[in-house]
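Chemist: Numbers given in this note's numbering equal positions in the sequence shown, counted from 1, plus 33. No residue lacks a Cβ here, since even glycine has one placed at the ideal position from N, Cα and C. Starting off with a structure, shown below.
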Amino acid sequence: MFKKCLMFAAALSLAGCGHGTGRTSGTAAGGAATGALIGIVGGPIGVVVGAGIGAGAGALAGSNTTPKQVNLGQAPWDKKGS
Numbered sequence: 034m035f036k037k038c039l040m041f042a043a044a045l046s047l048a049g050c051g052h053g054t055g056r057t058s059g060t061a062a063g064g065a066a067t068g069a070l071i072g073i074v075g076g077p078i079g080v081v082v083g084a085g086i087g088a089g090a091g092a093l094a095g096s097n098t099t100p101k102q103v104n105l106g107q108a109p110w111d112k113k114g115s
């Protein structure tokens, strides 16, 4: 149960990255990546389950919040010239 809570919290923390029209898909992708990385602890099945949980949590957080409510700054892939 602790691992599930940790995955959910990690996915939600990434949900604040980015702003604009593609925010929901970006947070879903970030959540899926985070969930998959955390799921590595559980083995091959943990990666799939972690990606699914992370994508769902990221999409929900991205679609139900505004950039002003949760803003961790510009997404790393949106930075230009760094």
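1) State the Cα-Cα distance for the pair residue 68 and residue 106, rounded to the nearest angstrom.
2) Buried or exposed for residue 78, going by 16 or more other Cβ atoms inside 10 Å?
3) Nearest to residue 92 by alpha carbon, out of 65, 72, 37 and 35?
4) Rounding to the nearest angstrom, what Cα-Cα distance links residue 98 and residue 76 in this structure?
5) Does the beta-carbon distance from residue 82 to residue 72 come in below 7 Å?
6) Leaving out five residues before and five after residue 26 in sequence, what residues of the same chain have Cβ atoms less than 7 Å from its Cβ?
7) Please name the residue in 100, 87, 112 and 59 whose C-alpha comes closest to that of residue 36.
Modeler: Checking against the coordinates, here is how it stands:
1) One-based indexing of the sequence shown puts residue 68 at position 35. One-based indexing of the sequence shown puts residue 106 at position 73. Just so you know, the alpha carbons of residue 68 and residue 106 end up roughly 21 Å apart.
2) For the purposes of this step, residue 78 is taken as residue 45 along the sequence shown, with counting starting at 1. By the neighbour-count criterion, in which a residue is buried when 16 or more other Cβ atoms sit within 10 angstroms of its Cβ, residue 78 is exposed.
3) Within the sequence shown, residue 92 is the residue found at index 59, counting from 1. Cα-wise, what sits closest to residue 92 is 65.
4) Stepping through the sequence shown from its first residue, residue 98 is reached at position 65. Stepping through the sequence shown from its first residue, residue 76 is reached at position 43. Pairing residue 98 with residue 76, the inter-Cα distance amounts to about 32 Å.
5) As a position in the sequence shown, residue 82 is number 49, starting the count at 1. As a position in the sequence shown, residue 72 is number 39, starting the count at 1. Judged by their CB atoms, residue 82 and residue 72 are nearer to each other than the 7 Å cut-off.
6) Residue 26 is absent from the structure shown; the chain starts at 34 and stops at 115.
7) Residue 36 sits at position 3 when you count from the first residue of the sequence shown. Of the listed residues, the one whose Cα sits closest to residue 36 is 87.
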